[in-house]
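Following: one structure in C-alpha coordinates, then a few remarks.
Written out as C-alpha coordinates, the structure reads:
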(Lines of atoms letter the chains of each structure in order from A; the text may use other names.)
(Lines give C-alpha, C1' and ligand atoms only; values in the text may rest on other atoms or scores of the structure.)
Protein backbone atom coordinates (compact mmCIF):
# COMPACT_ATOMS: atom_id res chain seq x y z
CA UNK A 243 0.00 0.00 0.00
CA UNK A 244 1.22 3.49 -0.83
CA UNK A 245 0.12 6.35 1.39
CA UNK A 246 0.37 10.05 0.57
CA UNK A 247 3.61 11.36 2.07
CA UNK A 248 1.88 14.23 3.90
CA UNK A 249 -0.53 13.30 6.71
CA UNK A 250 -1.85 16.25 8.75
CA UNK A 251 -3.65 15.62 12.04
CA UNK A 252 -6.50 17.93 13.05
CA UNK A 253 -8.77 18.26 16.07
CA UNK A 254 -11.87 19.51 14.24
CA UNK A 255 -13.68 19.28 10.93
CA UNK A 256 -13.12 23.03 10.52
CA UNK A 257 -9.45 22.32 9.83
CA UNK A 258 -10.43 19.82 7.16
CA UNK A 259 -12.49 22.54 5.47
CA UNK A 260 -9.28 24.54 5.16
CA UNK A 261 -6.88 21.71 4.25
CA UNK A 262 -8.73 19.41 1.87
CA UNK A 263 -9.39 22.02 -0.87
CA UNK A 264 -5.62 22.62 -1.01
CA UNK A 265 -4.98 19.06 -2.14
CA UNK A 266 -4.48 17.12 1.09
CA UNK A 267 -5.31 13.47 0.34
CA UNK A 268 -4.79 11.87 3.78
CA UNK A 269 -5.71 13.44 7.11
CA UNK A 270 -6.55 12.34 10.62
CA UNK A 271 -9.34 13.62 12.83
CA UNK A 272 -8.12 13.35 16.41
CA UNK A 273 -10.69 14.63 18.88
CA UNK A 274 -9.96 13.77 22.48
CA UNK A 275 -12.83 15.24 24.50
CA UNK A 276 -16.23 16.06 23.06
CA UNK A 277 -19.83 15.32 23.89
CA UNK A 278 -20.91 12.16 22.02
CA UNK A 279 -23.51 13.74 19.73
CA UNK A 280 -21.16 16.56 18.77
CA UNK A 281 -18.36 14.05 18.21
CA UNK A 282 -20.54 12.04 15.84
CA UNK A 283 -21.42 15.22 13.92
CA UNK A 284 -17.73 16.12 13.58
CA UNK A 285 -16.78 12.66 12.32
CA UNK A 286 -19.74 12.59 9.93
CA UNK A 287 -18.89 16.04 8.57
CA UNK A 288 -15.22 15.15 8.23
CA UNK A 289 -15.96 11.97 6.33
CA UNK A 290 -18.35 13.78 3.98
CA UNK A 291 -15.71 16.43 3.24
CA UNK A 292 -13.02 13.83 2.67
CA UNK A 293 -15.21 11.94 0.22
CA UNK A 294 -16.07 15.15 -1.62
CA UNK A 295 -12.37 15.88 -2.10
CA UNK A 296 -11.28 12.32 -2.92
CA UNK A 297 -9.29 12.13 0.30
CA UNK A 298 -8.93 9.49 3.02
CA UNK A 299 -9.86 10.43 6.58
CA UNK A 300 -8.45 8.46 9.50
CA UNK A 301 -10.57 8.54 12.67
CA UNK A 302 -8.44 8.49 15.82
CA UNK A 303 -9.58 6.41 18.81
CA UNK A 304 -13.32 6.35 18.17
CA UNK A 305 -13.49 3.04 16.36
CA UNK A 306 -17.16 2.38 17.09
CA UNK A 307 -18.23 5.71 15.59
CA UNK A 308 -15.83 5.11 12.70
CA UNK A 309 -17.65 1.86 11.92
CA UNK A 310 -21.11 3.36 12.38
CA UNK A 311 -20.33 6.35 10.17
CA UNK A 312 -18.75 4.29 7.41
CA UNK A 313 -15.13 5.35 7.79
CA UNK A 314 -12.41 3.51 5.92
CA UNK A 315 -9.62 4.08 8.44
CA UNK A 316 -9.10 4.11 12.18
CA UNK A 317 -5.96 4.90 14.18
CA UNK A 318 -5.43 3.43 17.64
CA UNK A 319 -2.89 4.25 20.30
CA UNK A 320 -1.53 1.56 22.57
CA UNK A 321 -4.07 2.35 25.30
CA UNK A 322 -6.89 2.17 22.77
CA UNK A 323 -5.77 -1.30 21.74
CA UNK A 324 -6.53 -2.48 25.27
CA UNK A 325 -10.25 -1.83 24.82
CA UNK A 326 -10.88 -1.89 21.06
CA UNK A 327 -12.66 -4.82 19.45
CA UNK A 328 -10.08 -5.62 16.78
CA UNK A 329 -12.10 -8.45 15.18
CA UNK A 330 -15.08 -6.11 14.84
CA UNK A 331 -12.88 -3.42 13.31
CA UNK A 332 -11.55 -5.91 10.78
CA UNK A 333 -15.02 -7.32 10.03
CA UNK A 334 -16.16 -3.79 9.24
CA UNK A 335 -13.34 -3.54 6.69
CA UNK A 336 -11.53 -0.67 8.35
CA UNK A 337 -7.86 -0.15 7.68
CA UNK A 338 -5.81 0.19 10.85
CA UNK A 339 -2.99 2.48 11.91
CA UNK A 340 -1.22 1.90 15.24
CA UNK A 341 1.02 4.15 17.36
CA UNK A 342 4.32 2.76 18.62
CA UNK A 343 7.12 4.10 20.78
CA UNK A 344 9.30 1.07 21.62
CA UNK A 345 10.03 -2.46 20.42
CA UNK A 346 7.40 -4.11 22.64
CA UNK A 347 4.73 -1.83 21.20
CA UNK A 348 6.00 -2.47 17.69
CA UNK A 349 5.78 -6.23 18.25
CA UNK A 350 2.24 -5.81 19.49
CA UNK A 351 1.33 -3.65 16.51
CA UNK A 352 2.81 -6.12 14.04
CA UNK A 353 0.78 -8.94 15.56
CA UNK A 354 -2.34 -7.05 14.42
CA UNK A 355 -1.31 -6.86 10.75
CA UNK A 356 -1.65 -3.06 10.67
CA UNK A 357 -2.03 -1.04 7.48
CA UNK A 358 0.53 1.45 8.77
CA UNK A 359 2.61 1.95 11.92
CA UNK A 360 3.35 5.34 13.45
CA UNK A 361 6.59 6.02 15.32
CA UNK A 362 6.95 9.00 17.62
CA UNK A 363 7.98 11.37 18.78
CA UNK A 364 10.72 11.54 16.17
CA UNK A 365 11.60 15.00 17.51
CA UNK A 366 10.54 16.69 20.75
CA UNK A 367 6.88 17.63 20.58
CA UNK A 368 4.83 20.30 22.31
CA UNK A 369 1.55 18.56 21.51
CA UNK A 370 1.37 16.46 24.65
CA UNK A 371 3.44 15.26 27.57
CA UNK A 372 4.99 11.91 26.75
CA UNK A 373 7.17 9.51 28.69
CA UNK A 374 9.15 8.83 25.51
CA UNK A 375 11.96 11.11 24.51
CA UNK A 376 13.08 12.00 21.02
CA UNK A 377 13.25 8.83 18.91
CA UNK A 378 15.48 10.30 16.21
CA UNK A 379 16.13 9.36 12.61
CA UNK A 380 18.11 6.23 13.46
CA UNK A 381 14.98 4.79 15.06
CA UNK A 382 13.04 5.69 11.91
CA UNK A 383 15.59 3.67 9.91
CA UNK A 384 15.36 0.75 12.35
CA UNK A 385 11.54 0.71 12.28
CA UNK A 386 11.49 0.76 8.48
CA UNK A 387 13.87 -2.20 8.34
CA UNK A 388 11.57 -4.10 10.69
CA UNK A 389 8.36 -3.08 8.93
CA UNK A 390 9.40 -3.91 5.40
CA UNK A 391 6.46 -3.17 3.11
CA UNK A 392 4.19 -1.88 5.89
CA UNK A 393 4.03 1.92 5.63
CA UNK A 394 5.81 3.87 8.38
CA UNK A 395 4.45 7.19 9.65
CA UNK A 396 6.85 9.58 11.39
CA UNK A 397 5.19 11.86 13.94
CA UNK A 398 6.31 14.25 16.63
CA UNK A 399 7.99 17.61 16.17
CA UNK A 400 7.78 17.30 12.42
CA UNK A 401 8.18 20.38 10.23
CA UNK A 402 8.72 21.05 6.55
CA UNK A 403 12.38 21.64 7.35
CA UNK A 404 12.70 18.17 8.89
CA UNK A 405 10.51 16.31 6.41
CA UNK A 406 13.18 15.46 3.84
CA UNK A 407 15.48 13.81 6.38
CA UNK A 408 12.62 11.72 7.79
CA UNK A 409 11.60 10.58 4.32
CA UNK A 410 15.23 9.76 3.48
CA UNK A 411 15.45 7.72 6.70
CA UNK A 412 12.56 5.54 5.59
CA UNK A 413 9.33 7.24 6.62
CA UNK A 414 6.59 6.67 4.06
CA UNK A 415 4.33 9.41 5.39
CA UNK A 416 4.81 12.27 7.84
CA UNK A 417 2.19 13.40 10.32
CA UNK A 418 2.18 17.07 11.19
CA UNK A 419 0.09 18.75 13.85
CA UNK A 420 1.23 21.97 15.52
CA UNK A 421 3.53 22.89 12.63
CA UNK A 422 0.27 23.67 10.83
CA UNK A 423 -2.26 24.53 13.51
CA UNK A 424 0.03 26.96 15.34
CA UNK A 425 1.42 28.51 12.19
CA UNK A 426 0.37 32.11 11.50
CA UNK A 427 -0.43 31.06 7.92
CA UNK A 428 -1.79 27.50 8.11
CA UNK A 429 -2.85 27.37 4.46
CA UNK A 430 0.54 28.58 3.33
CA UNK A 431 2.23 25.98 5.51
CA UNK A 432 0.01 23.21 4.12
CA UNK A 433 0.98 24.26 0.59
CA UNK A 434 4.62 24.12 1.65
CA UNK A 435 4.12 20.62 3.07
CA UNK A 436 2.52 19.48 -0.16
CA UNK A 437 5.49 20.83 -2.14
CA UNK A 438 8.05 19.21 0.17
CA UNK A 439 6.25 15.87 0.14
CA UNK A 440 5.39 15.81 -3.55
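Residue numbers (the numbering used here): 243 to 440. The C-beta atom is built at its ideal place from N, Cα and C for all residues, glycine as well.
By the criterion of a C-beta distance shorter than 6 Å, residue 428 is surrounded in its chain by 422, once the five residues flanking it on both sides are discounted.
Residue 377 carries a coil assignment under DSSP once its states are collapsed to helix, strand and coil.
Within the stretch 301-363, the runs of beta strand (DSSP E) at least 3 residues long that lie entirely inside it are, in chain order, 315-318, 337-342, 358-361. For residue 250, the enclosing beta strand (DSSP E) starts and ends at 248-252.
Counting C-beta pairs closer than 8 Å gives fewer than three between the stretch 251-267 and the stretch 330-349, which falls short of the contact rule. In the three-state DSSP reduction, residue 415 falls in the strand class (E or B). Here residue 273 carries a coil assignment [DSSP, helix/strand/coil]. Nearest Cα to residue 326 within the set 338, 340, 305: 305. Here residue 366 has 376, 399 as same chain residues with Cβ atoms under 7 Å from its own Cβ, once five neighbours each way along the sequence are excluded.
In terms of Cβ geometry, residue 391 and residue 245 do not form a close pair [threshold 8 Å].
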